């Protein structure tokens, strides 16, 4: 497609779950619902169009061992793009991926800076590893470096306790979150277990990743405060394997991980039923491959979230939560076209017919 080519999307355009239009045009990289006059060079794509999918927990520039070369990060981003994920909230990375912003063929990224963890309480080569006295300063640093988000590691295995325990005293977390908010950033935290959740929510946190430790005591608190969760169920599926690997050294931790895994679907459904905002994230880029956004949507449906709401968690609702436009008049044309109606069967997300990024067909 040349810069003068007009893209015509015909069929069904899902502007919202109930706002379905017959067609749209892409002119100069932006969406229009008015047919442009005097256009000769037109490319037509037919099917069911959705806003570009959102992976709200992803790590571009990271693998199981730490930062990766730019060529590897590029492959990760391309894999996500070809799966339809055109907007990524990068939930912590030690790599500088700002160069991606200059590439029109790569997804848009909202960065949370680098993970902030307690000393020797996270995966090696991933995080700033600090003590509570330095938390405010590091949160301020990452708030300035990121794109409106900061990522804390809220709990991790404590080798002395032999199990997951909270990483931050409540007063330290409260001061750090207040500083992030003062600087215009939201804060999210990795949390597998139960112990850290109440303190983080009452300290003012905006989101919790994984949130497998939610219980009947903390679900209402999340709902009352409007704290979102990104369950990353495709990652939680790895818990039994992780538990097997740690069984001999940390039996309490292994048993705990198995319990969290066993109730994962009930946990997510209870949160959704209570009104907790739920969004799609894959946790790709650590030990998981990229391109799993469709799998995560299917997992939310398996957990009992209605298909249209699971779609919203990666499209309309997710973009609104992150402050990015969907298929509205004049918005950048980031969209994915499918063979059939994804509201009827979310599994169609695994097979995009066309991917359009910044107004160009890229896949």
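In this note's numbering, the protein residues as written are -9 to 353. No residue lacks a Cβ here, since even glycine has one placed at the ideal position from N, Cα and C. In this text the structure is predicted, and so the values were computed from the model without any measurement.
- By a beta-carbon distance limit of 8 Å, residue 329 does not contact residue 340. Their separation comes to about 11 Å.
- Under the three-state reduction of DSSP output, residue 236 falls in the helix class.
- Residue 193 holds the alpha-carbon nearest to the alpha-carbon of residue 159 among 174, 193, 147.
- Residue 203 has its alpha-carbon roughly 35 Å from the corresponding atom of residue 324.
- In this chain, the alpha helix (DSSP H) harbouring residue 188 covers 187 to 192.
- Within a 10 Å sphere around the beta-carbon of residue 271 sit 16 or more other beta-carbons, which makes this residue buried.
- With a beta-carbon spacing of about 15 Å, residue 78 and residue 58 fall beyond the 8 Å limit used to define contacts.
- In this structure, residue 308 keeps its C-beta atom at 7 Å or more from the C-beta atom of residue 39.
- Scanning its chain for C-beta atoms nearer than 7 Å, with the 5 sequence neighbours on each side dropped, one finds around residue 247 the residues 229, 232, 233, in chain order.
- Here residue 32 really is in contact with residue -4; their C-beta atoms are around 5 Å apart, less than 8 Å.
- Here residue 175 carries a coil assignment [DSSP, helix/strand/coil].
- If you draw a straight line from the Cα of residue 165 to the Cα of residue 222, it is about 28 Å long.
- Taking C-alpha positions only, residue 134 is separated from residue 184 by approximately 30 Å.
- Classified as exposed, residue 55 has fewer than 16 neighbouring CB atoms from the shown chains inside 10 Å of its CB.
- For the 7 Å CB-CB criterion, residue 336 and residue 288 form a contact.
- Between the C-alpha atoms of residue 303 and residue 268 there is a straight-line separation of about 6 Å.
- Closest in C-alpha terms to residue 20, from the list 316, 103, 89, comes 316.
- Bounds of any beta strand (DSSP E) do not take in residue 121, whose DSSP letter is neither H nor E.
- Scanning its chain for C-beta atoms nearer than 7 Å, with the 5 sequence neighbours on each side dropped, one finds no residue around residue 214.
- Residue 126 and residue 3 have their C-alpha atoms some 45 Å from each other.
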